[in-house]
Every structure is written in C-alpha cells, then in structure tokens.
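Quick note: the sequence shown uses the working numbering, first residue 994, plus one each step. Below is one structure, written out as structure tokens; comments come after it.
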Amino acid sequence: MFTHSPLPITHYLNRRKVMNLAPHKYRVNLSEWHKMGQHNIFPPQARVELIEGEIIEMPPIGPTHAGCVFNLIELLASQKGKMAALNVQNPIQLSDFSEPEPDVVLLRPSPQLYKVGHPTAADILLLIEVSDTSVNYDRDTKIPLYARDGIIECWLVDVGARTVEVYLNPTQHGYTEKRLFQLKQTLIPTQ
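Structure below.
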C-alpha cells in the first residue's frame, strides 16, 4: 500500500501556512434596514429593531406592558403642554446602525413634526423604556446605546420590580448618574 512510511500530520501542518479566520457578523446599516422594510422582508406583525447593526426580535407586548405605556402617555400628555411632542413606540435614529423603537419619547417640538426623518438623539428630551420581559436586555444593551448616542435622560420602568431607573449624564461609557425610584415616589423629568 505505502511504499514509504507515512509522515505524521504535524509534518504537513508545519509545511503549510494555516490561516485562522474567525467568522464575523455582518452589520446591517440604516440604508439596508430601510430597504428591507420597503421590500417587506419581515411580516407586518414582526416586532424587530435594528440595534448596533443586528436585527433584534422583540418580545410581544403584553397587557401589563401596554397598560404601563398607556398610563405614561396619559400622564405625560397632560403635563407636557406645547413644550414637547409625545412619540410612542416609533423609531428613533441613533447611528448608521441603530434604529430602536422606545416605548415613549418626549421630543423637542419640530415644525415638520418629524415627517421628513425620524427623531435623533438631539431631538430627545426624555426616553422611556418599559420592561416586563426584557428588563435585562434593555438595561444591558439599550441603555448603554442611548448613553453612547447622547440621549440626555432615560428612564427604565421595571414593571416586575415596580421601580423606575433614571439615567442622567450620558458618556461614551454609559450614564454617570443612576437614580432609583420606588412606587409612589414623585418623579419629574429634568428637561
């Protein structure tokens, strides 16, 4: 069978330059993301967001989450006057790779009413995420994203814990100030 004795596999590996290529994620940018929407890539009922170039499927909105968002809308709508616009579960554009849909956003008034483009971090006075099933994802992924993009004030309503985490003073490394409010405590936006 062999006319000479076979060489160990290490002989071949030593003679050949082995390339070690790790797989990389393909990041979707906003242009590609919007084209996907125009071509109905996702079913109409899909709850997906673009977060740092990754398409994230969000959990369905349950009645507890919906009720909390409704109560926030009622409260903020009665308090905001003409000093801010209220935006509910609509996209905001953060970078070329992120377009989340936070639950509630108070925006600077705009003559165009954001018909030309989605609001950006500079337009946002207050951003609120309501979390019942996604609290860890919101706290560990979305809140730091909002800080890096310079959103000046962010609230995380933890429905299960019945608390509101208030994040202030954004930096590239996160918010430098975090306050925790319990049920029945008074909470007023800083802006």
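Backbone N, C-alpha and C define an ideal beta-carbon position, used for all residues, glycine too.
Where the alpha helix (DSSP H) containing glycine 1060 begins and where it ends: Glycine 1060 -> alpha helix (DSSP H) spans 1056-1073.
Neighbourhood of arginine 1020 by C-beta, 8 angstroms cutoff - its chain only, sequence neighbours within 5 removed: These residues qualify, in order along the chain: Glu1045, Gly1046, Glu1047, Phe1090.
Inter-residue CB distance, aspartate 1096 and isoleucine 1121 (contact presumed, cutoff 8 angstroms): Between isoleucine 1121 and aspartate 1096 the Cβ distance is about 6 angstroms, and since that is below 8 angstroms, they are a contact.
With 16 other Cβ atoms within 10 Å as the buried cut-off, status of serine 1103: Around the CB of serine 1103, fewer than 16 other CB atoms lie within 10 Å, so the residue is classed as exposed.
Assigned secondary structure, alanine 1078 (DSSP; H/G/I helix, E/B strand, else coil): Strand, per DSSP.
Simplified DSSP assignment, three categories, for asparagine 1191: As shown, the chain starts at 994 and ends at 1184. That puts residue 1191 outside it, with no answer to give.
Span separating the alpha-carbon of alanine 1070 from that of aspartate 1151: Near 21 angstroms, if we compare the C-alpha coordinates of aspartate 1151 and alanine 1070.
Cβ shell of histidine 1111 (< 6 angstroms), same chain only, five flanking positions each side left out: The residues are Pro1084, Ile1085, Gln1086.
Supposed close pair glutamine 1171, tyrosine 1160 - CB separation, criterion 8 angstroms: The question names glutamine, but residue 1171 is lysine in the sequence shown. Right, the Cβ-Cβ distance comes to about 6 angstroms (below 8 angstroms), so this counts as a contact.
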